Each structure stands twice: as C-alpha cells, then as structure tokens.
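What follows is a set of notes on a single structure, which appears directly below.
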Amino acid sequence: MSSFKGSLLRWTGSGNSFQGQVGSGPTTMLDGGRETGPSPMDSVLLGLMGCMGIDVLMVLQKSRVCFDDLEIAADAERASETPRFFKRVTLFFKVAGMADEDNPKLQRAIDLSVERYCSVLHSLRSDLELIIEIKGSQ
Numbered sequence: 001m002s003s004f005k006g007s008l009l010r011w012t013g014s015g016n017s018f019q020g021q022v023g024s025g026p027t028t029m030l031d032g033g034r035e036t037g038p039s040p041m042d043s044v045l046l047g048l049m050g051c052m053g054i055d056v057l058m059v060l061q062k063s064r065v066c067f068d069d070l071e072i073a074a075d076a077e078r079a080s081e082t083p084r085f086f087k088r089v090t091l092f093f094k095v096a097g098m099a100d101e102d103n104p105k106l107q108r109a110i111d112l113s114v115e116r117y118c119s120v121l122h123s124l125r126s127d128l129e130l131i132i133e134i135k136g137s138q
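Here the sequence shown is numbered in the working numbering, starting from 1 and rising by one per residue.
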C-alpha cells in the first residue's frame, strides 16, 4: 500500500493561498481565489485528466501505437449546493498523428484507464457521470 507520509499544506498568509508538497516532491500552489494557483477542485479535475492521460499514454506506448501528440480537454458540472462535488465530467481526448487503424487501441486504452487503472477516478464519488469523447486524429 502506498502512503503519503510527509505531505504538508501550509497557508501562505495571503488570501486563500496554500503551498503544498507531497514527500520530497515539488511544491504546488492551491488558491480558492485563483490568484496564485488552481483551486482545489480545479486540481482534482487536473488530477483526473493527468491520471487518465498517463494511463492512456502508457497503454498506447506498450501497444506500439505511433502518434505525435495527446491532448485532453475537460468540461465539468458541479452540484449547485454545498458540497459542490463534480456531478458530470466530460473528457475530450485528441490524439494527433495516429493511424486510423489504431483507433480501437486508443478506445481500449481509455477503457482500461476508466475500468482498472485510474486511481483518481476511483477516488471520486461513485455517482459521477463520466463522459468520454474522442476527437478525430489529425
């Protein structure tokens, strides 16, 4: 089991800004007012995108799929009442420079991330509606 011993979040003394660090990794800023960094919820969304992006990248590379670029965009809807959790997230995957015959491998990589690998996704609410759209490769 992995642990996050040594994780620390400290208020910077200014506004809603915090500086955090996990173990000996790089520091990151969080800011509810968005002056010095993303909000915590923005960070959760970026974490989901990053987790799935890494999963998809690794599966495509293991499958020897050639491509030039991988981009993920997102739209998210949050609950209107507190706590304002994510109700729906739509992720738009765009892979440039990939052969059309590799589209099933891209779909399989995304499916594996959703069903098996993405720890961030599996840490979110079970009633989250996740929508995946694949933009045509170019």
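Where a beta carbon is used, it is the ideal one built from N, C-alpha and C, also for glycine.
None of the values given here were measured: they were computed from a predicted structure.
Count the CB pairs spanning the region 43-63 and the region 109-127 that are closer than 8 Å, and state whether there are at least three. Flag = yes, the region 43-63 and the region 109-127 touch.
**Q.** Exposure label - residue 9; buried when at least 16 CB within 10 Å
**A.** Walking along the sequence shown from the start, residue 9 turns up at place 9. Exposed, because fewer than 16 other Cβ atoms sit within 10 Å of the Cβ of residue 9.
Grab me the residues of residue 24's own chain with a C-beta within less than 8 Å of its C-beta, minus the 5 sequence neighbours each way, in chain order. To locate residue 24, count along the sequence shown from 1; it is residue 24. Around residue 24: 6.
Query - Rounded straight-line distance, which links the Cα of residue 11 to that of residue 143 - result: Summary: the structure shown does not reach residue 143, with the chain confined to residues 1 through 138, and so no result is reported for it.
Q. So residue 76 packs on residue 86, CB below 8 Å; how close in whole Å?
A. Here residue 76 refers to the residue found at position 76 when the sequence shown is read from its first residue. Here residue 86 refers to the residue found at position 86 when the sequence shown is read from its first residue. Indeed, because the Cβ distance is near 6 Å, the residues count as touching under 8 Å.
Point to revise | Closest residue to residue 62 among 127, 126 and 112 (Cα-Cα distance) | key: Counting from one through the sequence shown, the residue named residue 62 turns up at place 62. Selected option, being the one with the closest Cα: 112.
Where residue 65 sits in the DSSP three-state scheme | Your numbering for residue 65 matches position 65 in the sequence shown. Coil.
Proximity to residue 102 [Cα-Cα], best of 17, 74 and 56
Sequence index remark: in the sequence shown, residue 102 carries index 102 (1-based). The option with the nearest alpha carbon to residue 102 is 56.
Assigned secondary structure, residue 115 (DSSP; H/G/I helix, E/B strand, else coil): Reading the sequence shown from its first residue, position 115 is the one you call residue 115. Helix, per DSSP.
*Cβ-Cβ separation, residue 74 to residue 45 (assumed contact under 8 Å), whole Å*: Along the sequence shown, one-based indexing puts residue 45 at 45. Along the sequence shown, one-based indexing puts residue 74 at 74. Between residue 45 and residue 74 the beta-carbon gap is near 6 Å, inside 8 Å, which marks them as a contact.
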